[in-house]
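2 protein chains.
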Amino acid sequence: MITFDTRPDAYRHWQLTIDGSVATLSMDVREDAGLSPDYKLKLNSYDLAVDIELADAIQRLRFEHPEVHAVIVTSLKERIFCAGANIMMLRGSSHGAKVNFCKFTNETRLAIEDASDQSGIRFLAALNGICAGGGYELALACDEIILVDDGNSAVSLPEAPLLAVLPGTGGLTRLVDKRRVRRDRADFFSTLVEGVKGKRAVEWGFVDAVYPTSKFKEQVQRHARDLAAKSDRPASGPGIALNPLNPTVTDAAIAYSAVTLTLNRAKRTAELTVKAPEGPQPATVEAVVAAGDQFWPLRAFRELDDALLRLRVNEPEIGTVVLRTIGDRDAVLAIDRTLLANQSHWLVREIILLMKRTLKRLDLTARSFFAFIETGSAFAGSLFELALAADRSYMFHDDAEENAIALSDMNFGPLPMSNGLTRLQTRFLAEPDKIDALRAHQGSFNAGDADEEGLVTFAPDEIDWDDEVRVAVEARAAFSPDAMTGLEANLRFAGPETMETKIFGRLTAWQNWIFQRPNAVGEKGALKVYGEQGRPEFDWKRT
Amino acid sequence: MITFDTRPDAYRHWQLTIDGSVATLSMDVREDAGLSPDYKLKLNSYDLAVDIELADAIQRLRFEHPEVHAVIVTSLKERIFCAGANIMMLRGSSHGAKVNFCKFTNETRLAIEDASDQSGIRFLAALNGICAGGGYELALACDEIILVDDGNSAVSLPEAPLLAVLPGTGGLTRLVDKRRVRRDRADFFSTLVEGVKGKRAVEWGFVDAVYPTSKFKEQVQRHARDLAAKSDRPASGPGIALNPLNPTVTDAAIAYSAVTLTLNRAKRTAELTVKAPEGPQPATVEAVVAAGDQFWPLRAFRELDDALLRLRVNEPEIGTVVLRTIGDRDAVLAIDRTLLANQSHWLVREIILLMKRTLKRLDLTARSFFAFIETGSAFAGSLFELALAADRSYMFHDDAEENAIALSDMNFGPLPMSNGLTRLQTRFLAEPDKIDALRAHQGSFNAGDADEEGLVTFAPDEIDWDDEVRVAVEARAAFSPDAMTGLEANLRFAGPETMETKIFGRLTAWQNWIFQRPNAVGEKGALKVYGEQGRPEFDWKRT
């Protein structure tokens, strides 16, 4: 079972050091400490284990070190920054494992960009040596890239020519859309095994600057200081500690404090339940800081994030997930008010951003989600985003009209999807005026109102409820998992496309296609014969 | 060998009738007249042969019938509009054939929308019966959809639940992005084999109106007249005839009047050469009309379009195409001036739109294109778009500085890519100011200038030229065809995404993925066992 809990003193592949406002995250991959003993992580190549630590480090810098304003991403290996994703790992992985690996690394790269855009933590890729494939894609996620000019060190995307796959972590998209490298140059570069170095790397826009070895370290510090100076983060800490989540894991469930994931493997379904806060909650910044990682929204969304990640990598056959909430709607709305009233405070900002990223993780999880809104539920404000993220929502229409949902200002901006719109905007693309009307609405919506306003998909009454939701889940779980993945990937992201949706839509979809083509993964495919005797044999048909 | 030439009196699957400003295109598929005898096209289901006629009909209405302002798309079969793509055809097709089939049908649907948006020909889908899968996707491409309310006729997208594939002709994208159907309703609908009919079909936005059988015909006419009234096309004809292209086809070449495609199957390469106009050319609208389909831009781009289509479906192993032009640059620039000076005339407008669609067809062709700009070439104005569409361009840097390229106003707006930008805008995303500077430039660019301005990728001199271009083509042709297809699909379309790029990027890529998953095409896959004894068996792992 793969888990995502780690901490800096347990890292095996990264060293995190902090010097005033500048942190340094140094890659030093241990060859024998990958997720599987079947491959060695040579030359700072990586697998999911390496990326889990990177994701953890970025998350901790946000919460535990508000005084950090810039991060240098570099390597402790001589003359090598990073060789990219480990090829033997890719060769030995199932299709699903490859796809999930790429999805997580993509999310980590986007978390770097989110930290830069939204949290004021700027990233400098200090390429002290060869930077290939996924290594260069990591650099592309940083704000600036500087490369040592030693006659040898180059940046490259050799995946297509060497392995017959795509650079799968956003590299192609970031080349032409983020760095706006000319498409013909990007084409040339992406077929060049040896990559580009020195002056041409700067002229063509692949890196921002090159420096001779003698000046490299000094220039790294200068660039990092310049980046740090632009931050709006606090001048000093302390931050708050992100303690281990320590869920209770049994064969059929993962139980956290506010989140429970229950698995029904025979039916290939799961239930994911989020509990609203109970009892008195912090209402001031001071109380929020004092509560630290036990403050409900931080705790609940960290747990939700962890549950989604475990579901993805450890439970591939669970295809359909029922989302539920329980508890006090008003308590959720009160939390939302506290967050919004204090969003200029660095910690509150970070909490909201973590909620945003977790909900995006849900949008991007290749499982069908149905929200069941029943009596005693707490689909209000930020928790109502779960219902909006679901592929469908079913709301029990009780005779007493006590079952209700509610909106808060958290539904109208702070938690956008990858497409840059809120989930309500995406839902009501056809009726943009509806957004203002919903925002002006006072109070909650009972099932009849929610149905009328289009906030839920169906609102069956007591006579129909049991059969309707049972049949819906059973039918969904019986469909082809591939067809559902493709369907959801196309229906969930209406409206504008962004670099982020391009990466997860266009790029990922093509990579997934290539990841199961015989030219890549067949017995004579490039990924299979790389490093072995002989050359790949291709079916030359273009499609 | 599949060809794309046809004409209304040779149609086997459609009947085209014209009554004043309203044309009626009636589907009446002949079961035994598909491309292959291996399947029967029952219930107005279709294969590529049916769609080639549809594409031809739309093209002819544009050029041959300027008096047509609206088109009714309907069926001559009782109680059935169209059952979608033929399942036995899909089952028996290779992966490449399925992908190319979907690409062509997508282009045909987009040609319908282009005719509506740009040419003022509005389309009414008059659904006189069951409308399933690709049949509904055809309807979605029309401006309005009306459905008979007979208690039986429904619209549906049953691909995912029945066949474990996606509706592959833009249906999912058009549901949520064009018709802006709520994503949860779209999700429900797309898993419902029987579809939606009557009042709910209108309320949920799947169709625009339903009418009882007794009023259906009369309402079809009324809707068509209303749509026709909005057109800016001429009140009366005549149009110009689109005569057969009649290329000379040998084993190694297809030679048209202005276009030659030469194949080198052993090297998996081809050369596609376009000849500039020769001799006096029409310079007035009257002369253009008199020249008809022999007017150079119409003739050359029809030929180019046909060559690209034949290359796609008949030569799957040709992976790399060298683009050349020959002749008089100034003659091309003169044609461009004539077109732009008269673009308000219906025929000139149609010619420019056909050039635009043909260049998009090139952008969307899954082959590598390298433009070779050599002495005697005619890469000017609209023909320079070929170099801009290429993945790379190589310009011979001659000592005499006679080899040159030139821009015209055709490069600055009338020929946008699927992303809505011109090829120059896409190329210079990083330097938007450059566009104005290039437009202000007088005269041609020699190789040094073109290289300096970033208009070409490389400009080797006499010493390097032969080796450099030879190695470039050989290297390209040796890479995995799948990796090149994925690479090009991601690098060619930087900048904004549109419904069109979503269809060809996100939707098509996911469909291609599913089209080779065992859950769809394996021995127990849904596409294989549909209609046979037994049920599909799925690998339940989600990816």
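Sequences listed follow chains A and B, in order.
Sequential numbering of the first sequence, starting at 1, is according to the numbering used here.
Sequential numbering of the second sequence, starting at 1001, is according to the numbering used here.
Just so you know, even glycine gets a beta-carbon here, dropped at the ideal spot from N, CA and C.
Any C-beta of chain A sitting closer than 8 Å to the C-beta of residue i?
{"i": "Q1516 (chain B)", "result": "yes"}
{"i": "L1489 (chain B)", "result": "It should be noted that the sequence gives Ala, not Leu, for residue 1489 (chain B). Chain A contact via Cβ: present."}
{"i": "V1529 (chain B)", "result": "no"}
{"i": "S1377 (chain B)", "result": "no"}
{"i": "W1014 (chain B)", "result": "no"}
{"i": "Q1511 (chain B)", "result": "yes"}
{"i": "K1502 (chain B)", "result": "yes"}
{"i": "N1446 (chain B)", "result": "no"}
{"i": "P1481 (chain B)", "result": "yes"}
{"i": "A1494 (chain B)", "result": "yes"}
{"i": "K1077 (chain B)", "result": "no"}
{"i": "E1497 (chain B)", "result": "yes"}
From the beta carbon of residue i, is the nearest beta carbon of chain B less than 8 Å away?
{"i": "D184 (chain A)", "result": "yes"}
{"i": "H95 (chain A)", "result": "yes"}
{"i": "W465 (chain A)", "result": "no"}
{"i": "F396 (chain A)", "result": "no"}
{"i": "T173 (chain A)", "result": "yes"}
{"i": "E317 (chain A)", "result": "yes"}
{"i": "G160 (chain A)", "result": "First, the amino acid is wrong: residue 160 (chain A) is Ala here, not Gly. Cβ-Cβ to chain B under 8 Å: yes for A160 (chain A)."}
{"i": "A307 (chain A)", "result": "no"}
{"i": "F4 (chain A)", "result": "no"}
{"i": "A253 (chain A)", "result": "no"}
{"i": "V321 (chain A)", "result": "no"}
Bridge partners for residue i per DSSP, in chain order?
{"i": "H1397 (chain B)", "result": "B:D1461"}
{"i": "A1404 (chain B)", "result": "B:N1446"}
{"i": "P212 (chain A)", "result": "A:D149"}
{"i": "E144 (chain A)", "result": "A:L124"}
{"i": "R324 (chain A)", "result": "A:T273"}
Mind reading off the beta-carbon distance from residue i to residue j? Whole number of angstroms is fine, and I expect it under 8 Å.
{"i": "I80 (chain A)", "j": "G129 (chain A)", "result": "4 Å"}
{"i": "L487 (chain A)", "j": "L1166 (chain B)", "result": "6 Å"}
{"i": "A494 (chain A)", "j": "V1176 (chain B)", "result": "4 Å"}
{"i": "L1429 (chain B)", "j": "R180 (chain A)", "result": "4 Å"}
{"i": "Y1039 (chain B)", "j": "G1092 (chain B)", "result": "7 Å"}
{"i": "S251 (chain A)", "j": "F4 (chain A)", "result": "The amino acid occupying residue 251 (chain A) in the given sequence is Asp; Ser does not appear at that position. At roughly 19 Å, the Cβ-Cβ gap does not stay under 8 Å, so D251 (chain A) and F4 (chain A) are not in contact."}
Taking only three categories from DSSP, how would you classify residue i?
{"i": "P244 (chain A)", "result": "coil"}
{"i": "V1071 (chain B)", "result": "strand"}
{"i": "F1384 (chain B)", "result": "helix"}
{"i": "T1262 (chain B)", "result": "strand"}
{"i": "R182 (chain A)", "result": "coil"}
{"i": "C82 (chain A)", "result": "strand"}
{"i": "D1232 (chain B)", "result": "coil"}
{"i": "N446 (chain A)", "result": "strand"}
{"i": "V1288 (chain B)", "result": "helix"}
{"i": "Q549 (chain A)", "result": "In the structure displayed, chain A extends from 1 to 543; residue 549 (chain A) sits before or after that span and is not available."}
{"i": "E271 (chain A)", "result": "strand"}
{"i": "L166 (chain A)", "result": "coil"}
{"i": "I1352 (chain B)", "result": "helix"}
{"i": "F372 (chain A)", "result": "strand"}
{"i": "A1378 (chain B)", "result": "coil"}
{"i": "R1329 (chain B)", "result": "helix"}
Do you know whose CA, among the options, lies nearest residue i's CA?
{"i": "L1138 (chain B)", "options": "B:I1112, B:I1121, B:V1274", "result": "B:I1112"}
{"i": "P234 (chain A)", "options": "A:W465, A:H69, A:E462", "result": "A:H69"}
{"i": "S1368 (chain B)", "options": "B:D1038, B:G1195, B:L1311", "result": "B:L1311"}
{"i": "R62 (chain A)", "options": "A:D28, A:E431, A:S231", "result": "A:S231"}
{"i": "S153 (chain A)", "options": "A:I87, A:S75, A:A228, A:G92", "result": "A:S75"}
{"i": "Y1012 (chain B)", "options": "B:N1403, B:F1004, B:M1027", "result": "Before going on, a small fix: residue 1012 (chain B) reads as Arg here, not Tyr. Selected option, being the one with the closest Cα: B:M1027."}
{"i": "L1359 (chain B)", "options": "B:K1267, B:R1329, B:L1323, B:A1509", "result": "B:L1323"}
{"i": "A1283 (chain B)", "options": "B:Y1530, B:L1407, B:N1490, B:L1339", "result": "B:L1339"}
{"i": "V543 (chain A)", "options": "B:S1480, B:V1155, B:K1502, B:M1355", "result": "Per the sequence presented here, residue 543 (chain A) reads as Thr, with Val not at that position. Among B:S1480, B:V1155, B:K1502, B:M1355, the Cα nearest to that of T543 (chain A) belongs to B:S1480."}
Could you tell me whether any non-hydrogen atom of the ligand FMN is closer than 7 Å to the CB of residue i?
{"i": "G443 (chain A)", "result": "Although the ligand FMN was asked about, the structure shown includes no ligands whatsoever."}
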